[in-house]
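Quick note on UniProt numbering: the sequence shown kicks off at 1 and runs consecutively. Cβ coordinates follow ideal geometry from the N, Cα and C atoms, glycine included.
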Amino acid sequence: MRTSLIQKMGGFRILGRGTSGWWRGLGAHAPPKDSGYSTKSRNQLQPQGSSKRSGVPRDQPFPGVLQLKNLSREELVDVLREAVVDQKGPLVTLNKPQGLPVTGKSGELTLLSVLPELSQSLGLSEQELHIVQAPGKEASGLVLLSSCPQTASRLQKFFTHSRKAQRPTATYCAITNGIPATAEGKIQAALRLECFDGVNLVVPVKSPSRKDILEGVKRTLSHFRVMATGSGCALVQLQPLTVFPGQLQVHMMLQLCPLLGDHTYSARLGTVLGQRFLLSAQSTKPQNQVLDEGLLRCLHLTPSQSSQLPLHLHLHRLLLPGPGPRDTPMELLAPLPPYFSRTLQYLGLCQQ
Numbered sequence: 001m002r003t004s005l006i007q008k009m010g011g012f013r014i015l016g017r018g019t020s021g022w023w024r025g026l027g028a029h030a031p032p033k034d035s036g037y038s039t040k041s042r043n044q045l046q047p048q049g050s051s052k053r054s055g056v057p058r059d060q061p062f063p064g065v066l067q068l069k070n071l072s073r074e075e076l077v078d079v080l081r082e083a084v085v086d087q088k089g090p091l092v093t094l095n096k097p098q099g100l101p102v103t104g105k106s107g108e109l110t111l112l113s114v115l116p117e118l119s120q121s122l123g124l125s126e127q128e129l130h131i132v133q134a135p136g137k138e139a140s141g142l143v144l145l146s147s148c149p150q151t152a153s154r155l156q157k158f159f160t161h162s163r164k165a166q167r168p169t170a171t172y173c174a175i176t177n178g179i180p181a182t183a184e185g186k187i188q189a190a191l192r193l194e195c196f197d198g199v200n201l202v203v204p205v206k207s208p209s210r211k212d213i214l215e216g217v218k219r220t221l222s223h224f225r226v227m228a229t230g231s232g233c234a235l236v237q238l239q240p241l242t243v244f245p246g247q248l249q250v251h252m253m254l255q256l257c258p259l260l261g262d263h264t265y266s267a268r269l270g271t272v273l274g275q276r277f278l279l280s281a282q283s284t285k286p287q288n289q290v291l292d293e294g295l296l297r298c299l300h301l302t303p304s305q306s307s308q309l310p311l312h313l314h315l316h317r318l319l320l321p322g323p324g325p326r327d328t329p330m331e332l333l334a335p336l337p338p339y340f341s342r343t344l345q346y347l348g349l350c351q352q
């Protein structure tokens with residue numbers, strides 16, 4: 001069963017030993033000329049001209065950002081079908097636009113809510129798609145779907161076993177407002193969800209007790225590596241080794257380098273005489289990220305436009321099991337959204 005599954009995934013790439021493929025695969029060396037998503041082939045997303053069907057207005061400052069409120073169910077299915085990166089056997093991989101929630105309340109437009117229509121659109125009318133792996137609403141990037149429950153279960157077991165062995169399977173690329181103090185390292189923090197005015201937010205917990213762990217506090221771990229720096233910002237590779245809502249955003253905040261476009265946790269960063277420090281999570285409420293004048297000029301944004309800046313966090317690479325237990329894993333890649341590529345160019349983070 002396992003071998004036949006992987007054989008159906010023949011379009012995926014076998015990993016080598018080096019890490020340079022992560023940088024080459026970003027597709028971030030040229031700025032996008034237009035907004036919107038379209039696929040000239042199923043293996044590579046290309047930025048194209050916008051249309052009403054894409055839900056992406058041409059005059060907005062962040063090309064490629066999905067305007068979900070402008071879309072009908074049918075139009076969202078069209079967007080997702082065009083975002084398919086690969087379809088092999090029971091597996092479907094797509095490049096999720098930023099701002100699309102994976103799940104939600106009944107009646108809300110989410111990825112999960114349109115899976116039946118997407119299945120039919122992809123010729124899987126008698127097979128229901130299941131979500132195996134997906135980034136959160138504010139992030140973009142790879143979504144792994146399966147029309148076979150057994151395949152989905154085996155892949156989930158692979159991801160779970162890899163996390164227990166501290167072998168990362170997901171690689172995100174992110175842009176931070178600020179440069180981490182070290183070029184690479186691990187971020188460990190105990191986190192819990194707390195409700196503030198009806199909104200669940202992640203709060204760090206210092207020295208959690210056994211009781212804390214039993215009551216929902218989780219010890220989390222991420223790897224990070226700085227890939228390029230410029231204009232006071234950094235392109236960072238992030239690899240979570242645990243799963244917790246908002247983990248990567250909070251981890252980078254704890255490094256005093258919030259993600260660009262983080263309008264949830266960046267308010268916890270204070271500055272006095274140019275020195276950054278953390279504010280109490282309990283004493284701060286989410287607010288639009290504040291960028292200094294120099295960074296706004298680099299990004300060609302006004303203060304009002306910066307309040308709409310999308311989160312620059314993209315699930316770029318996923319590892320899947322090879323044909324056999326000892327075989328090298330295979331990788332799936334998703335190119336960066338157009339707004340992300342443009343930000344890299346504006347900040348001088350390309351081709352370094």
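- Around the C-beta of E138, 16 or more other C-beta atoms lie within 10 Å, and the residue is accordingly described as buried.
- Under the DSSP assignment, F340 falls in the alpha helix (DSSP H) whose first and last residues are 338 to 346.
- The distance from the Cβ of I187 to that of F224 is about 6 Å, consistent with a contact at the 8 Å cut-off.
- Counting along the chain, the unbroken alpha helix (DSSP H) around R210 starts and ends at 210 to 214.
- Residue pairing from DSSP places N200 in a beta bridge opposite C195.
- Taking R268 as the centre and dropping the five residues before and after it, the same chain places the C-beta of M253, L278, L279, A281, T284 closer than 7 Å to its C-beta, in chain order.
- Counting C-beta pairs with one atom in each stretch, the segment 136 to 153 and the segment 204 to 216 have fewer than three that are closer than 8 Å, which means they do not touch.
- C-alpha of F159 to C-alpha of L273: approximately 44 Å in a straight line.
- A distance below 8 Å between beta-carbons, with the five flanking residues on each side excluded, links G216 to the following residues of its chain, in chain order: R192, L193.
- Cβ atoms of G261 and P310 come within 8 Å of each other, at about 5 Å.
- Burial check for R297: the Cβ neighbour count within 10 Å stays below 16, so the residue is exposed.
- In the DSSP secondary-structure assignment, Q87 is bridged to V92.
- If the five residues before and after T220 are omitted, its C-beta is found closer than 6 Å to the C-beta atoms of A189, L191, T242, F244, Q247, all from its own chain and listed in chain order.
- Counting every other CB atom within 10 Å of its CB across the protein chains shown gives H312 a total of 16 or more, marking it as buried.
- Bounds of the beta strand (DSSP E) holding C173 are 170 to 177.
- Going by beta carbons, P286 and H263 fall inside the 8 Å limit.
- Measuring C-alpha to C-alpha distances from L100 to each of A181, Q120, V77, E117 identifies V77 as the nearest.
- In the three-state scheme derived from DSSP, where H, G and I count as helix and E and B as strand, L68 is classed as helix.
- Spatial neighbours of T171 in its own chain (CB-CB distance under 7 Å, excluding positions within 5 residues in sequence) are listed in chain order as W22, Q237, Q239, H316, R317.
- If you draw a straight line from the Cα of P90 to the Cα of E108, it comes to about 27 Å.
- According to DSSP, P240 shares a beta bridge with S222.
- When rounded, the separation of the alpha-carbon atoms in G294 and Q305 is 15 Å.
- Look at H263 here: in three-state DSSP terms it is coil, with no helix or strand label.
- According to the DSSP secondary-structure assignment, Q275 is paired through a beta bridge with V272.
- DSSP places V77 in the uninterrupted alpha helix (DSSP H) bounded by 73 to 82.
- Annotation: K164 to K157 spans about 11 Å, alpha carbon to alpha carbon.
- With a cutoff of 8 Å on beta-carbon distance, S162 and T169 are scored as near each other.
- With distances taken between CA atoms, Q166 lies nearest to S222 out of L344, T103, S222.
- Cβ contact annotation for D212 (same chain, cutoff 8 Å, sequence separation greater than five): A190, R192, V205, in chain order.
- Boundaries for G99: no beta strand (DSSP E) harbours it, and the DSSP string shows neither H nor E there.
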